[in-house]
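> Below: one structure in structure tokens.
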Amino acid sequence: MIALIVISFLFSAVTVLVLMRRARRHARRYAADMPQRFHKGHIPRLGGAGILVGTGVAWVASGVTGNDPFNLNWPFGTALLTFACILPAVLGGITEDVTQRVPVRIRLALTTVSGVLLCWLLGIGVHRLGIPGLDGWLQATPLVGALIAVLGLAGLPHAFNIIDGYNGLAGTVAVLVGLAITHVALQLGDRQLAGMVVCLVGATMGFLLWNYPRGKIFAGDGGAYVWGMVLGLSCVLLVQRHSAVSPWFPVLLLIYPVWETLFSIYRKAARGQSPGTADALHFHQLIFRRIVRVAFEDNEARQLLARNNRTSPYLWMFAAMSVVPAVLFWNNTLMLAFFCLLFAVTYVAAYLMIVRFKVPRWLRP
Numbered sequence: 075m076i077a078l079i080v081i082s083f084l085f086s087a088v089t090v091l092v093l094m095r096r097a098r099r100h101a102r103r104y105a106a107d108m109p110q111r112f113h114k115g116h117i118p119r120l121g122g123a124g125i126l127v128g129t130g131v132a133w134v135a136s137g138v139t140g141n142d143p144f145n146l147n148w149p150f151g152t153a154l155l156t157f158a159c160i161l162p163a164v165l166g167g168i169t170e171d172v173t174q175r176v177p178v179r180i181r182l183a184l185t186t187v188s189g190v191l192l193c194w195l196l197g198i199g200v201h202r203l204g205i206p207g208l209d210g211w212l213q214a215t216p217l218v219g220a221l222i223a224v225l226g227l228a229g230l231p232h233a234f235n236i237i238d239g240y241n242g243l244a245g246t247v248a249v250l251v252g253l254a255i256t257h258v259a260l261q262l263g264d265r266q267l268a269g270m271v272v273c274l275v276g277a278t279m280g281f282l283l284w285n286y287p288r289g290k291i292f293a294g295d296g297g298a299y300v301w302g303m304v305l306g307l308s309c310v311l312l313v314q315r316h317s318a319v320s321p322w323f324p325v326l327l328l329i330y331p332v333w334e335t336l337f338s339i340y341r342k343a344a345r346g347q348s349p350g351t352a353d354a355l356h357f358h359q360l361i362f363r364r365i366v367r368v369a370f371e372d373n374e375a376r377q378l379l380a381r382n383n384r385t386s387p388y389l390w391m392f393a394a395m396s397v398v399p400a401v402l403f404w405n406n407t408l409m410l411a412f413f414c415l416l417f418a419v420t421y422v423a424a425y426l427m428i429v430r431f432k433v434p435r436w437l438r439p
């Protein structure tokens, strides 16, 4: 496992470094008046390509080296097929990062295509929801389970894209979620699944080496789509392979990006806006504007970078509120459902508190 982390980390870090040096021209396409822009200068948005390379190389290495040196029992053909299935979504995201001309509906269609390919070629689906009576019906109608899996796989990449607003934010959340999945998979003896996720964790850490705290490169849509596709796939596989795992484990584990997306859709619909319209009213953006104090630096760019970096730890702690109980109660449906409800209530209460300028003093450094 450690060797896979090292391989994915090194290939990702080197690829990101090359992209930082050689692919800056496209960054000028990202307009300075974009509502989600919180940095100065032209920063490349191709970190996702590095994460894709690091993850893919490690996946291939795990199956092509012969004699199964990593003890994963993951055939080379399956690893290569999995990589090929996520490519439509990720390449669509990278194209958007370079051109800024791929509409949301096209990117959603591409993530759906990847979801369909994964469910069809790997034979996966959601056949348990932890609800008595409904689970038996799902097992009797596998097509419905496959459709639920496609919906999750198509939507989760966009959920990660929504929370990818500040240096190290979405990347660290992806690492926390990936480590949680790896922990549970290893407890169940599923080294193949653990190895698949470990490769993503290592590649993400290679990207974070350049992204936080210096903000030299961003993950972009491509990075968010890699995280969403791989973590979504691993969650579906974990629940499908192991009956001991509650289907509410991935729900709680990923509730931060998922709830942020659902709440954003509701918020925009209530204002008569399209869910695909970009704005600056996401939870992490409110924390940046109303909780993180202005840093005193010698120029505006350094000042903005300092505030950007100080925003992410707030959200890391917020994400930990779901990751920690998910790991502790991964096989207890009632406890997982309770913490899902608690997270949703806490999120809404915190959002309203910030909007109404009623933030407690202890939250303001």
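Here this note's numbering is used: the first residue of the sequence shown is 75, the next is one more, and so on. No residue lacks a Cβ here, since even glycine has one placed at the ideal position from N, Cα and C.
At the level of alpha carbons, what is the spacing between SER188 and PHE431?
Straight-line Cα distance between these residues: approximately 42 Å.
> In its own chain, which residues sit with a C-beta less than 8 Å from the C-beta of GLN282, not counting the 5 before and 5 after it?
The question names Gln, but residue 282 is Leu in the sequence shown. Excluding positions up to five away in sequence, the list reads GLY242, GLY245, THR246, VAL249.
> Among the residues of its own chain, which have a CB less than 7 Å from the CB of THR481, if the five just before and after it don't count?
Since the first and last residues shown for the chain are 75 and 439, residue 481 lies out of range.
> Cutting at 7 Å between CB atoms, please list the residues of its own chain near SER320, excluding the five before and the five after it.
Same-chain partners within the cutoff: GLY204, TRP404, ASN405, ASN406, THR407, LEU410.
> Determine the burial state of TRP211: buried for a count of at least 16 other Cβ atoms within 10 Å of its Cβ, exposed for fewer.
It is exposed - the Cβ of TRP211 has fewer than 16 other Cβ atoms within 10 Å.
> Give, in chain order, every unbroken run of the beta strand (DSSP E) that is at least 3 residues long and sits entirely within the stretch 247-285.
Whole beta strand (DSSP E) segments, 3+ residues: zero.
> Quick one, are the C-beta atoms of TRP148 and MET270 less than 9 Å apart?
Yes, the pair counts as a contact, with Cβ atoms nearer than the cut-off.
> Can you have a look at LEU415 and say buried or exposed, based on whether 16 or more other CB atoms are within 10 angstroms of its CB?
With fewer than 16 other Cβ atoms within 10 Å, it is exposed.
> Round the Cβ separation of GLY276 and SER82 to the nearest angstrom and send it over; I've been treating them as touching at under 8 Å.
GLY276 to SER82, Cβ: 3 Å. Contact.
> Can you tell me whether THR351 is buried or exposed? The criterion is at least 16 other CB atoms within 10 Å of its CB, across all chains shown.
THR351 should be labelled exposed.
> For LEU182 versus ILE160, is the C-beta distance shorter than 9 Å?
Their beta carbons are not under 9 Å apart, which means LEU182 does not touch ILE160 by this criterion.
> Please return the same chain residues whose Cβ sits closer than 7 Å to the Cβ of ALA77, not counting the five positions on each side in sequence.
If we look at ALA77 and ignore the five residues flanking it on each side, its Cβ neighbours are PHE144.
> Which residue's Cα is closest to the Cα of CYS309: ALA259, MET395, GLN174?
Of ALA259, MET395, GLN174, the residue nearest in Cα terms is ALA259.
> What are the complete alpha helix (DSSP H) segments, minimum 4 residues, inside the stretch 276-344?
Fully enclosed alpha helix (DSSP H) runs of 4 or longer: 294-315, 322-327, 329-344.
> Using a Cβ-Cβ cut-off of 6 Å (strictly less than) and excluding sequence neighbours within five positions of TRP301, which residues of its own chain qualify?
Here the set comprises PHE234, ALA248.
> Could you give the DSSP three-state label for THR407: helix, strand or coil?
Note: THR407 maps to helix in three-state DSSP.
> Which term fits ASP264, buried or exposed, when burial requires 16 or more other beta carbons within 10 angstroms of its beta carbon?
Its Cβ being crowded by 16 or more others within 10 Å, ASP264 is buried.
> Count the C-beta pairs between the stretch 324-337 and the stretch 391-401 that are closer than 8 Å, then say yes if the count reaches three, no if not.
With a cut-off of 8 Å, the stretch 391-401 and the stretch 324-337 count as touching, because enough Cβ pairs lie within range.
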